[in-house]
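With the numbering used here applied, the sequence shown has no gaps in its numbers, which climb one by one up to 49 at the end. Every residue gets a Cβ at the ideal spot worked out from N, C-alpha and C, and that includes glycine. Everything below concerns the one structure shown next.
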Amino acid sequence: MRNRINITQVILLFSVFVMLISCQKQKAEWKGTIEEVNGVIFVKNPKEPMYGEEMISIVKYKIVK
């Protein structure tokens, strides 16, 4: 019984540690610019995306009968 409690405590502490590490603030920042010329605001985005290529793409399909 004592051994089972120790294993449970180790698993719980490891889970908390993993959650703390994974929930830290993201380090990526937007690298575009915002300019105002004659009252008009221009937003210029960088040519390359911040996060690289898409890993997953969600597509909505419509079925017509």
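Meets three-Cβ-pair contact criterion under 8 Å: the stretch 0 to 15 and the stretch 27 to 37: Short answer: they touch.
Range covered by the beta strand (DSSP E) that runs through V24: Here residue 24 refers to the residue found at position 40 of the sequence shown. V24 -> beta strand (DSSP E) spans 24 to 28.
Collapsed DSSP secondary structure at I42 in the structure displayed: Locating residue 42 in the sequence shown gives position 58, counting from the first residue. Of the three classes helix, strand and coil, the one that applies to I42 here is coil, per DSSP.
Cα-Cα separation, M52 to F(-2): The structure shown does not extend to residue 52, since the chain is modelled only from -15 through 49, so no value can be given for it.
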